[in-house]
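From first to last, the protein sequence lines are chains A and B. When the letters of the first sequence are read in order and numbered with the working numbering, they come out as residues 28 to 139. When the letters of the second sequence are read in order and numbered with the working numbering, they come out as residues -14 to 98. Report on the structure given below.
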Amino acid sequence: NAGVTQTPKFRVLKTGQSMTLLCAQDMNHEYMYWYRQDPGMGLRLIHYSVGEGTTAKGEVPDGYNVSRLKKQNFLLGLESAAPSQTSVYFCASSARDRRGYTFGSGTRLTVV
Amino acid sequence: QQPVQSPQAVILREGEDAVINCSSSKALYSVHWYRQKHGEAPVFLMILLKGGEQKGHEKISASFNEKKQQSSLYLTASQLSYSGTYFCGTGNAGGTSYGKLTFGQGTILTVHP
């Protein structure tokens, strides 16, 4: 039982490059989330999804896009990376009945 | 708006107790507590739902006062393994919350032998 798996774990991008972060969960959870974590700021919600084919904006969505074509996968895309997007990105999933989140191990992204 | 956690940091010796507080300016439906060790993902500790309940998890327990829009995490007889950053995540009332959480800035807990 893998839980939530994120790939890649580390990545360095040049300003203006694009990339996609993949999140996969095997718990049949309905809800999935992308958060970014910056020093002293806790976790901030980027986008979330309440089911296959649906996505919505969170607190800090600018510069990111997401897709959830399959229930188990939630993709986060950066179309044109900026240094301000240097962060640790966490994917999380939860069941509909308001249980706790299960987090992935994170992706450390550096934009130079 | 982000909930406010206090204190920002606390240092303990093994066996000592600590309290971490989480306050919100918005009406709350739920409060989650997570612990994150350095370089790792946050790990779920417990959830408290509207109703002022108190929950326990071994020597870690929490309370939720919905009138005051506050939650407190109690760590008793601390162990070295309790070291890490503790986050509260708050969920607002309303049918469209979809489990979304707003996290506090974190409280760094260090336990020394």
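All C-beta atoms, glycine included, are put in the ideal place defined by N, C-alpha and C.
Put simply, the CB of Gln(-13) of chain B is near chain A, with a gap under 8 angstroms to one of its CB atoms. In the pairwise beta carbon analysis, the region 119 to 129 of chain A is classified as not touching the region 82 to 91 of chain A: fewer than three pairs are separated by under 8 angstroms.
When secondary structure is reduced to three states using DSSP, Leu70 of chain A falls in the strand class. Of all residues in the region 21 to 52 of chain B, those with a C-beta nearer than 9 angstroms to a C-beta of chain A are Gln21, Gly24, Glu25, Ala26, Pro27, Val28, Phe29, Leu30, Met31, Ile32, Leu34, reading in chain order. Here Ser120 of chain A is not near His74 of chain A, since their CB atoms are 8 angstroms or more apart. Annotated as distal: Asn100 of chain A and Leu48 of chain A, with beta-carbon spacing of 8 angstroms or more. Scanning A:Trp61, A:Phe37, A:Tyr91 for the CA closest to the CA of Ser45 of chain A turns up A:Tyr91. Taking C-beta separations shorter than 6 angstroms and ignoring five residues to either side along the sequence, the partners of Lys98 of chain A in its chain run Glu79, following chain order.
The C-beta of Lys85 of chain B comes closer than 8 angstroms to at least one C-beta of chain A. With a cutoff of 8 angstroms on beta-carbon distance, Ala62 of chain B and Phe117 of chain A are scored as not near each other. Of the candidates A:Ala29, A:Pro66, A:Pro35, A:Gly30, the residue whose Cα lies closest to the Cα of Gly104 of chain A is A:Pro35. For Val139 of chain A, no beta strand (DSSP E) run applies, since DSSP gives it neither H nor E.
Less than 8 angstroms divides the Cβ of Tyr59 of chain B from the Cβ of Ser46 of chain B.
Near chain B, meaning a CB-to-CB distance below 7 angstroms, the residues of the region 45 to 59 of chain A are Tyr58. Taking 8 angstroms as the cut-off, the Cβ atoms of Tyr14 of chain B and Lys35 of chain B count as close. Burial state of His23 of chain B is exposed, judged by a 10 Å Cβ sphere holding fewer than 16 other Cβ atoms. A residue is called buried once 16 or more other Cβ atoms fall within 10 Å of its Cβ, and Lys53 of chain B, having fewer, is exposed. For Thr70 of chain B against Pro(-12) of chain B, the beta-carbon gap comes to about 15 angstroms, at or over 8 angstroms, which does not count as contact. The three-state secondary structure of Ser94 of chain A, taken from DSSP, is strand. With respect to chain A, the C-beta atom of Gln64 of chain B has no partner C-beta closer than 8 angstroms. Per DSSP, reduced to three states, the secondary structure at Gln(-14) of chain B is coil, with no helix or strand assignment.
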